[in-house]
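Here's the structure we're looking at; comments come further down.
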Amino acid sequence: MVVFNAGRSPFDRFLDLSRLSELQGIEEDATHVSFGALTTFRDMEDCPAVHRHLPNLVKSARATGALAIQNRGTLGGNIANASPAADTPPSLLAYGAELELVSSRGRRRVAYEGFHRGYKQMDLAPDELVARILVPKPQGLGFHFFRKVGTRQAQAISKVCLAAYARIEAGVVAEFRVGLGSVAPVPARARHAEAIIQGAALRALPVEAACTELLKDISPIDDIRSTAQYRARVAQNVLRQMLGELAAV
Amino acid sequence: MAEKILLRLTVNGEPRAVEVFPMARLVDVLREDLKLTGTKEGCGEGECGACTIRMDGRIVNSCLIPAIQAQGSVLLTVEGLATGEEPHALQSAFHHHNGAQCGFCTPGMLIAAEDLLRRCPNPDEAQIREGLSGNLCRCTGYVKIVDAVKAVAEGRPA
Amino acid sequence: MIGNSAIRKEGRAKVLGRSRYTDDKTFRCVLHGATVRSDVPHGILKAIRFGEGIPWKEFTIVTAQDIPGENIVAAIVPDQPFLVPVGGEIHHAEEPVLLLAHPDKYLLEKARRAISLDVEELPATLDVASSDRVFKEINILHGDVDSIWAQAAHVVEADYRTEAQEHLYIEPNGMLAIVAHGDHQDQVTVCGSLQCPYYVHKALVHLFNLPGDKVRIIQMDTGGAFGGKEDYPSLIAGHAALLAWKAGKPVKLIYDREEDMAATTKRHPSRTHVKAAFDANGLLLGLDVDFTLDAGAYATLSSVVLSRGAIHAGGVYRCPNTRIHARAMATNTPPSGAFRGFGAPQSLFALERHMDVCAAKLGLDPAELRRRNFLKLGDTTATGQLLKEDVDLAGLMDRTLADIGYTEKRKLFAAANETDTPIKRGVGFSVFMHGCGFTGSGESYLASVAGVEGLADGRVAVLAASTEIGQGKDTVFSQIAAQALKIPMDMVEVAQPDTKVVPDSGPTVASRSTMVVGHLVEDAAYAFKQALIQQGFLTEPYAPEVFREAVKRSHARLGSMKCYAQYHNPPHIVWDDKTYQGDAYPTFSWACYAAEVAVDTVTYEVKVEDFVANQEVGRVINPVLAAGQIEGGVAQGIGWALWENVEWKHGRMANNQMTNYIIPTSMDLPRIRVGFLENPHPAGPSGAKGLGELPMDGPAPATLNALQNALGPLRLDEVPMTPERLMDRMEVARG
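Top line first, the protein sequences correspond to chains Y, P and W. The first sequence lines up with residues 44 to 292 when you count with the numbering used here. The second sequence lines up with residues 14 to 171 when you count with the numbering used here. The third sequence lines up with residues 282 to 1016 when you count with the numbering used here.
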């Protein structure tokens, strides 16, 4: 709408999806919480199942814009707008989310990781819609962490965003995923850093090694909001903070 | 350019119908077609909150809403807060506590404050500040605005 | 009446959504205007090209060729054109070249984008350090500073810089113009969002080459200004009027946020070198300040911004040997302009940061170093101004430090910061002053006039061109007039600033409305009362109802009676523009601000957790409105200190959106604690001094001084000290 109003939009034909009931609603079954693409940030904040199973998504939603934006902005829109600075993608990556895409040719289910192919490039055909977002419910002893670094406390666009999920078994990190925002052309997984932590004992987490490895996972840039140097250093610092909290579980 | 559509709305309790382009911004429909100029535009990108209105029970930035998505909706703008000449308690409190300086953020701020008090009738200062964080003010430093909202929550608007 | 927190006069309309801002007023036949701007910072305009696919015949198009009068904005230095002509020189990348009007806003925007300019680019000066064009140079000399360095026990020098700041009033700039074509002369009327009706009036008189009575400027309700609607509105009003004049229809020219941020003025960026000498006891012996402002492409108000900055560069300290060298330099960026504080926040930032740097070098607490050097009654400032008022800066500082808990917190935080907590806390403060009213001979030149008029219904109206821009002028003028006339406030109306109705009471700037114009309102009110008495309509003492009847009778008998008062410089105030010596201001307001900060060393984010703002502003006319002014100014000052960063890209603002230029939200600020010490001063009505700009001066140095306390020695030499810059400084310090 902003782009359209400013006269910068190359498009002049629009399709209003806002009343499609097929794209709405949060559903919970034994293994997943699934979201219609039109689920608003506010809907996620108000949903007890999301609070219980996916607290990072609640934090992501609350960190997006301010309330008037959260009342309108949708999870599907946040994904398909394909901004590397969006606040829900890091949480979706950390939770290992999947997407259900639909077109007149049918439905397909893809891992969210890999959906963003490059800056504003998606694994989405021109006639395809993001229909639902399916997030597996974490099982067992879980550790959830979300931190957004914007310049102000509200109405901020993130400069660094980090979401993490770890499953702990017998004092060992059995499962570990980190999602990052604003530090690469797309929302990114921290595969290298994860590999260092995966399988490590909580009492002896190789924190500094993971922070060093993190630099292989990101490719931050200088832009009008921040600098590459700041983004890299703060991503490392937040990872270190997160691992400190994980070690204390 | 698309054909105009007949947009039916309930605005401040009154049914209204206007012919507008489907992608006209709701803020323009309110200000230009319905002559409700109390709602302001400060940025056109959902950042400043001056255009905040309530739509179907939730506050929204009216600069970000295409008319077609408001079809059939129930809207509240600053003009609908007062009852006749009797200001809403928040309006009295903003007036008495100097919560409005230049006044340009005030209409949106009042709608956000009204929404906050409906969701959370007894907010503490942090909750007030969070509830108003989508509405930028450049005059007040927010102190008198927070005081005004607090006064209403405590039942002493003036 | 005076000293009571009377409720804001226009507040009811504002909370009901009934105020009329410029864009709220419209006509059925109105055209919308747009401005085509150069997009290179320096060059020669060779040609203007109109693209395909636009029904150009439907558009009203104005270029420099159409201008009936002078194509120059009447200002201190007449150097800025309304529109750059073909063949003319483009001095910055937002320079207006052509104007368009059309009834359809959407088509208008398409058309604006369809125009292209042929420009022969010239090398651009984008960095003030590489500029060699001086708009204004000032030297203030007091004693012999060069004789002092050798004998000083300590000499401390450092560089400081401040960056541009955007006003970000929530209502963007806008004007609505109507031109009636007459047989002999046209009548030009412009309604708009503005601070200074008579500045705009003067600009349009020259633009259209019309007599003054054929140009009428009306201020609409104005959604914030802060200096940002002081000089630039003259251009916008001129543009709207040119379009209306050519189209023969009303034209509305409302800037959207992006255009407003990119094209209109900002706070002058500054570079300051400070060198200070102290004796072994920490007494200031010498101060040498080199102060440079980036004026941008045209002179605008830079000479007077520089003047205020230079005069404030010595701060609140007694110093026998001072040299202040100040220059405003030209660059190929959009012109810098007035912004609350007007040069003083820049030079005071440098000095008040430097005092903390010096205190660390001298091994003294920052409070102790300041205490030893404060100006007192009978001292003279750098311009040789003798302080005739009993200013108690030590008292102001002690109260502020007690309010914030300075001593205990410094101890507490020092211990806590030693632990491995990622959050480091600190407390810091600044002590400063702000000169009230125009600098030097400014008020004498202005010779402002304000009036009081009797109305048919027995009330009175205050007549002044001073504008209500959120600060509470309407309320304060009502209080002053009501007090002088011994009537309730609701018997006083304040006339809408309209050059056809109100006299020129000068611009609404420089913390002068209450002190200078308020005093004129008071004098005019007394004169009005005397006139009623002399003509037999009224005898003292009287009740308000008797007064009302007297005004009614005088109106019925004599018609509307108006009494005016004009500013005359008091004979004891002497200023020499050539030597920059004398009484720079009739008086100063004084303040001490303290900030408590928390730095998150994970993200380098700074949160101001407590803020105390104590000041002495003479008599406070309306404590609630005054506190509102202080709180808002502190918020802008904290924003400037920490977040508000203009990103320049090839001479243009690149982050010209509210999303990317970060002003504080309600969650980013603490409850600002405001205190007033009252010390009535004869320069103002009932002893009031100025306060509008004062709160902009102190927050930045106080906040960065608190940061230094939290983090230890760091090169905290710049505002805004964004998280990115703070990280750089911390990494350098770490090695």
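All residues carry an ideal CB built from backbone N, CA and C; glycine is no exception.
Looking at the unbroken beta strand (DSSP E) that takes in Thr-341 of chain W, where does it start and where does it end? Residues 341-343.
Could you give the residue range of the alpha helix (DSSP H) that holds Gly-144 of chain P? Segment 138-144, the alpha helix (DSSP H) holding Gly-144 of chain P.
Comparing alpha-carbon positions, which option in W:Val-471, W:Thr-470, W:Arg-552 and W:Tyr-479 lies nearest Ser-411 of chain W? Answer by Cα proximity: W:Arg-552.
With H, G and I counted as helix, E and B as strand and the rest as coil, what does DSSP make of Glu-912 of chain W? In this structure, Glu-912 of chain W counts as helix in the three-state DSSP scheme.
Please name the residue in Y:Val-250, Y:Pro-127 and Y:Leu-257 whose C-alpha comes closest to that of Pro-230 of chain Y. The residue among Y:Val-250, Y:Pro-127 and Y:Leu-257 with its C-alpha nearest the C-alpha of Pro-230 of chain Y is Y:Pro-127.
Taking one C-beta from the region 480-488 of chain W and one from the region 353-366 of chain W each time, how about it: are there three or more such pairs within less than 8 Å? The region 480-488 of chain W, when compared against the region 353-366 of chain W, does touch it at the 8 Å Cβ threshold.
Would you kindly check if the distance between the Cβ of Ala-528 of chain W and the Cβ of Leu-381 of chain W is under 7 Å? Taking 7 Å as the Cβ cut-off, Leu-381 of chain W and Ala-528 of chain W do not qualify as a contacting pair.
Step through the CB atoms of chain W and report whether any lies within less than 7 Å of the CB of Asn-114 of chain Y. Contact with chain W is absent for Asn-114 of chain Y, since none of that chain's Cβ atoms lies less than 7 Å from the residue's Cβ.
Can you tell me the Cα-Cα spacing of Pro-851 of chain W and Val-927 of chain W, whole angstroms? Looking at the two C-alpha atoms, the distance is approximately 42 Å.
On the CB-based measure, 16 or more other CB atoms within 10 Å of its CB, does His-465 of chain W come out buried or exposed? Label assigned to His-465 of chain W: exposed.
So, does the CB of Thr-65 of chain P fall closer than 7 Å to a CB anywhere in chain Y? By this cut-off, Thr-65 of chain P is an interface position.
Backbone secondary structure at Val-250 of chain Y - three-state DSSP: It is helical.
At the level of alpha carbons, what is the spacing between Gly-228 of chain W and Cys-56 of chain P? As shown, chain W starts at 282 and ends at 1016. That puts residue 228 of chain W outside it, with no answer to give.
Which term fits Arg-608 of chain W, buried or exposed, when burial requires 16 or more other beta carbons within 10 angstroms of its beta carbon? Classification of Arg-608 of chain W: buried, given that the 10 Å Cβ count is 16 or more.
For Gly-567 of chain W, the nearest candidate out of W:Asp-771, W:Leu-997, W:Lys-810 and W:Ile-429 (CA to CA): Closest option to Gly-567 of chain W, judged by alpha-carbon separation, among W:Asp-771, W:Leu-997, W:Lys-810 and W:Ile-429: W:Ile-429.
Run through DSSP, which three-state label would Gln-114 of chain P get? DSSP, reduced to helix, strand and coil, places Gln-114 of chain P outside both helices and strands of the structure shown, so it counts as coil.
Any beta-carbon of chain Y closer than 7 Å to the one on Trp-430 of chain W? No, no contact with chain Y.
Could you compute how far the alpha carbon of Asp-347 of chain W sits from the alpha carbon of Pro-961 of chain W? About 54 Å.
Rounding to the nearest angstrom, what Cα-Cα distance links Val-797 of chain W and Gly-369 of chain W in this structure? Going by the C-alpha atoms only, they are around 41 Å apart.
Please confirm if Arg-151 of chain Y has its CB atom under 7 Å from at least one CB of chain W. Put simply, the CB of Arg-151 of chain Y is far from chain W, with every gap to its CB atoms at 7 Å or more.
Could you work out which residues of chain W lie near Asn-99 of chain Y, taking near to mean beta carbons separated by less than 8 Å? For Asn-99 of chain Y, no chain W residue has a C-beta closer than 8 Å to its own C-beta; the minimum C-beta separation is roughly 18 Å.
Give the residues of chain Y in contact with Glu-16 of chain P, contact being defined as C-beta atoms less than 7 Å apart. Simply none; closest approach about 13 Å.
Could you give the distance in angstroms between the alpha-carbon of Leu-282 of chain Y and the alpha-carbon of Asp-1009 of chain W? Going by C-alpha positions, Leu-282 of chain Y is about 20 Å away from Asp-1009 of chain W.
For Asp-771 of chain W, count the other beta carbons within 10 Å of its own beta carbon; 16 or more makes it buried, fewer makes it exposed. Which is it? Around the beta-carbon of Asp-771 of chain W, fewer than 16 other beta-carbon atoms lie within 10 Å, marking it exposed.
Any C-beta of chain W under 7 Å from that of Ala-83 of chain P: No, Ala-83 of chain P lies away from the interface with chain W (no Cβ there is under 7 Å from its Cβ).
Glu-1012 of chain W - containing alpha helix (DSSP H), residue span: Annotation: the continuous alpha helix (DSSP H) that includes Glu-1012 of chain W extends over 1004-1015.
Contact criterion: CB-CB distance below 7 Å. Does Tyr-273 of chain Y meet it with respect to chain W? It does: the Cβ of Tyr-273 of chain Y has a partner Cβ on chain W nearer than 7 Å.
Interface residues of chain W around Asn-177 of chain P at Cβ under 7 Å? As shown, chain P starts at 14 and ends at 171. That puts residue 177 of chain P outside it, with no answer to give.
In chain order, what residues of the same chain lie with their CB nearer than 6 Å to the CB of Gly-739 of chain W, ignoring the 5 residues before and after it? Cβ-Cβ distances below 6 Å link Gly-739 of chain W to Arg-829, Val-832 and Lys-833 in the same chain, with the five nearest sequence neighbours on each side left out; the list follows chain order.
Can you name the residues of chain W whose CB is closer than 7 Å to the CB of Arg-142 of chain P? Per Cβ cutoff of 7 Å: Ser-947 and Met-948.
When Cβ atoms are compared, which residues of the region 919-950 of chain W fall closer than 7 Å to chain Y? Under the 7 Å Cβ criterion, the region 919-950 of chain W contributes Trp-924, Glu-928, Ala-935, Asn-936, Thr-940, Asn-941, Ile-943, Pro-945, Thr-946, Met-948 and Asp-949.
The alpha helix (DSSP H) that contains Cys-873 of chain W, what's its start and end? From DSSP, Cys-873 of chain W is part of no alpha helix (DSSP H) but of the beta strand (DSSP E) over 869-881.
Spell out whether any CB of chain W is found under 7 Å from the CB atom of Thr-131 of chain Y. For Thr-131 of chain Y, the answer is no, since every Cβ of chain W falls outside 7 Å of its Cβ.
Please list the terminal residues of the continuous beta strand (DSSP E) segment that includes Pro-377 of chain W. Boundaries of the beta strand (DSSP E) harbouring Pro-377 of chain W: 377-383, taken from the DSSP string.
Between Ala-213 of chain Y and the ligand MG, is there a pair consisting of the residue's CB and a ligand heavy atom that are separated by less than 6 Å? In the structure on display, the ligand MG does not appear, and there are no ligands present to speak of.
Exposed or buried, what is Leu-136 of chain Y when buried is set at 16 or more other beta-carbons lying within 10 Å of its beta-carbon? Buried, because 16 or more other Cβ atoms sit within 10 Å of the Cβ of Leu-136 of chain Y.
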